[in-house]
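J.: Numbering (the numbering used here), first residue to last: 19 to 560.
Yeah, the Cβ is synthetic: ideal placement off N, Cα and C, and Gly gets one too.
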Ligand code: AMP
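#1: Quick check on the burial criterion: 16 or more other C-beta atoms within 10 angstroms. Buried or exposed for residue 546?
#2: Since residue 344 is in the beta strand (DSSP E), which residue starts that stretch and which ends it?
#3: Under 8 Å by Cβ, that's how I've got residue 445 and residue 399 pegged, so tell me the actual separation to the nearest angstrom.
#4: Heavy atom of ligand 1 less than 7 Å from the Cβ of residue 541, yes or no?
#5: Since residue 111 and residue 201 are thought to touch, with beta carbons under 8 Å apart, how far apart are those beta carbons, to the nearest angstrom?
#6: Can you tell me whether DSSP reads residue 320 as helix, strand or coil?
#7: Check the C-beta distance from residue 465 over to residue 479 and give it rounded, since I have them as a contact under 8 Å.
#8: Below 7 Å, is the gap between the Cβ of residue 223 and the nearest heavy atom of ligand 1?
#9: Would the beta-carbon of residue 138 be found less than 7 Å away from any heavy atom of ligand 1?
#10: Indicate, with yes or no, if ligand 1 has a heavy atom lying under 7 Å from the CB of residue 59.
#11: For the beta strand (DSSP E) containing residue 356, list its first residue and its last residue.
#12: Please tell me whether residue 159 and residue 135 are closer than 8 Å, where the distance is taken between their beta carbons.
#13: Any heavy atom of ligand 1 closer than 7 Å to the beta-carbon of residue 204?
#14: Answer yes or no: the CB of residue 352 versus the heavy atoms of ligand 1, is any distance below 7 Å?
#15: With a CB to CB cut of under 6 Å and the five nearest residues on each side skipped, what residues in its chain are close to residue 68?
#16: Would you mind working out which of 348, 346, 380 and 349 sits nearest residue 362, comparing C-alpha positions?
#17: Please indicate yes or no: does the CB of residue 49 lie closer than 7 Å to some heavy atom of ligand 1?
#18: So which of 491, 518, 531 and 492 has the shortest CA-CA distance to residue 502?
#19: Rounded to whole angstroms, how far is the Cβ of residue 98 from the Cβ of residue 70, which I believe are closer than 8 Å?
#20: How close, in whole Å, do the beta carbons of residue 131 and residue 83 come, if the pair is a contact with beta carbons under 8 Å?
#21: Looking at the secondary structure, which residues open and close the beta strand (DSSP E) in which residue 449 lies?
#22: Residue 30 and residue 217: beta carbons closer than 8 Å?
#23: Within 8 Å (strictly less), CB to CB, does residue 334 reach chain B?
#24: Suppose you measure from the CA of residue 210 to the CA of residue 65; what does that come to, to the nearest Å?
#25: For residue 414, count neighbouring C-beta atoms within 10 Å of its own C-beta (all shown protein chains included) and say buried if the count is 16 or more, exposed if not.
#26: Less than 8 Å between C-beta atoms, sequence neighbours within five positions excluded: which residues of the same chain meet that for residue 172?
#27: Comparing alpha-carbon positions, which option in 376, 347 and 290 lies nearest residue 331?
#28: The beta strand (DSSP E) with residue 463 in it runs from where to where?
#29: Distance, Cα to Cα, residue 351 vs residue 334?
#30: Check whether the Cβ of residue 347 lies closer than 7 Å to any heavy atom of ligand 3, and answer yes or no.
#31: Where does residue 170 sit, in a helix, a strand or coil, going by DSSP?
#32: Quick one: is the Cβ of residue 538 within less than 7 Å of any heavy atom of ligand 1?
#33: Can residue 275 and residue 326 be called in contact, C-beta distance under 8 Å?
#34: Considering only heavy atoms of ligand 1, does any lie closer than 7 Å to the CB of residue 424?
#35: Can you give the Cα-Cα distance for residue 47 and residue 469, rounded to whole angstroms?
#36: What residues in its chain sit with their C-beta under 7 Å from that of residue 410, if we drop five residues either side in the sequence?
So this is what it looks like as structure tokens:
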């Protein structure tokens, strides 16, 4: 017997409609590259989004057409988010900090027809002017420019496109399984791969994001996404904030601590999310002046790379700011897990929970985990054994765009994350490595991240990376590549001494090399593939 309830497709446009209709009082504040502030409401965003949808329809943009953006967290970008997906086209967000080759590749692969560009990143587009995809019909400037760029395609202005429309537009009732957005992985190995989200996956993911043990959003929140809107849809914040009718503060490209702190205070931000680097810098800046205090300590969520414990501790003990550690991936929309207390550890005090908060936590409903070792057996939940994390769920990718048969997807319907994790008795995962970065010595695995974290405790070490180098007997052995703190000159022996007694003897790196810097990806993560390439001919002493 079928249920007798109404059926409405889960559509991205319905999130905006809800916010505009039921939360007209919530504000949307936006800062542009020059620091100018625009104030408005969700209703204004809805008006802009509808006018943009009208303009795109007038230009003949059809269902499923990919429309790219190269932009920061601004209101124009928010209107593009909703206008493009809402009218049935696919919002394709591109990271302006990628290498020009990667941007050109991504635009070609997606076959975008329009490219929306924040004026501040126009040089990125002119740099690849000769490699724009043949599919591209127009570049749309999202704000005023001093000089119009010379490009081989039509150049339009978003403001003029909007001004020509009246906003009297009804969102089409789409099939919820249609694609709404496209985002490419950061591509630390090989070329980036496209992940194609659907309206349904996006709305369900937003519903999970607002839950108490994830972002805990309410209509009273003032949310500031510091995580960029080109990085996995800013972790759903543009959608999740509309779903609850929260106010939104879009900080634009200026993410220095002083600019962020000003917004926290002046806009009374209650929640923010970003990568560890942002919060580390903010903490250092706050400490420089005792007068710098939050009038109302916000809640923070951090993810993207592991969160250093001293940062969590500093924010909590010195500023009363609690940080939730989250794990996710482009392929998982991105929210996969959060480390928030559950029944078994509800009564742990901060002293006990703080060291535990280094873990990436447990999945929310809609995400399922499985961890298997090299032989394919599920590992015991003892916090020690490790294996590769596999995920399935309502907002996990089932395939990559344009790449059928990628080995990341198992035959029985799981996505292989490439993250190597332990699982403890409470079901919390802890990432110990990337599958491609573990060092395989004599068939056994050595966690490069464990070595790196331990070595960072040496007072003279600024950065460290453990990478495999070829060994005739053991296949691979660990090499430690270290950046020294300025003005120090530690010996290899003194560096290795911090590992003694903390790791199995056979985990001990065979050599230490000193370098001036380590290669980073466009998203600021250690670029191990490049480092391994630099050391590919390295011969261990003796
Ligand atoms: P991306 O798709 O660019 O968001 O990168 C996803 C990858 O970032 C994951 O597979 C992890 O390796 C890493 N990552 C994300 N969140 C965390 C975290 N909280 N701790 C450690 N690594 C993380």
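T.: On the basis of the supplied data:
#1: Counting Cβ neighbours within 10 Å, residue 546 comes out buried, since at least 16 surround it.
#2: Annotation: the continuous beta strand (DSSP E) that includes residue 344 extends over 341-346.
#3: Going by Cβ atoms, the distance from residue 445 to residue 399 rounds to 7 Å, so yes, they are a contact pair.
#4: Yes, the beta carbon of residue 541 sits closer than 7 Å to at least one heavy atom of ligand 1.
#5: At roughly 6 Å, the Cβ-Cβ gap stays under 8 Å, so residue 111 and residue 201 are in contact.
#6: Here residue 320 sits in strand by DSSP.
#7: Rounded to the nearest angstrom, the Cβ distance from residue 465 to residue 479 is 18 Å, too far for a contact under 8 Å.
#8: Residue 223: no, Cβ never under 7 Å from ligand 1.
#9: Not under cutoff, so the answer is no.
#10: Because no heavy atom of ligand 1 lies under 7 Å away, the Cβ of residue 59 does not count as near it: no.
#11: Looking at the DSSP string, the run of the beta strand (DSSP E) that includes residue 356 is 353-357.
#12: Going by C-beta atoms, residue 159 is nearer than 8 Å to residue 135.
#13: Result yes, Cβ under 7 Å from ligand 1.
#14: For ligand 1, at least one heavy atom lies less than 7 Å from the Cβ of residue 352.
#15: Here the set comprises 185 and 187.
#16: If we check each option's Cα against that of residue 362, 380 comes out closest.
#17: Annotation for residue 49 indicates a beta carbon at 7 Å or more from all heavy atoms of ligand 1.
#18: Nearest C-alpha to residue 502 among 491, 518, 531 and 492: 531.
#19: Between the beta-carbon of residue 98 and that of residue 70 there is about 7 Å, and that keeps the pair under the 8 Å contact cut.
#20: 5 Å between Cβ atoms; contact.
#21: According to the DSSP assignment, residue 449 belongs to the beta strand (DSSP E) that extends over 447-452.
#22: Contact flag set, yes.
#23: You won't find chain B in this structure, because it holds only one protein chain.
#24: For residue 210 and residue 65, the distance between alpha carbons rounds to 34 Å.
#25: Here residue 414 is buried: its Cβ has 16 or more other Cβ atoms, across all protein chains shown, within 10 Å.
#26: Here the set comprises 155, 156 and 157.
#27: That would be 376, whose Cα lies nearest to the Cα of residue 331.
#28: Where residue 463 is concerned, the enclosing beta strand (DSSP E) stretches over 462-464.
#29: Near 28 Å, if we compare the C-alpha coordinates of residue 334 and residue 351.
#30: Although ligand 3 was asked about, the structure shown includes only ligand 1 as ligands.
#31: Looking at residue 170 - three-state DSSP - the assignment turns out to be coil, as it is neither helix nor strand.
#32: If you check the C-beta of residue 538 against ligand 1, you find no heavy atom less than 7 Å away.
#33: No. Outside cutoff.
#34: Checking the Cβ of residue 424 against ligand 1 gives no.
#35: Taken atom to atom, the span from the alpha-carbon of residue 47 to that of residue 469 is near 43 Å.
#36: Residues 386, 431, 432 and 433 of the same chain have their beta carbon placed closer than 7 Å to that of residue 410, with the five preceding and five following residues left out of the count.
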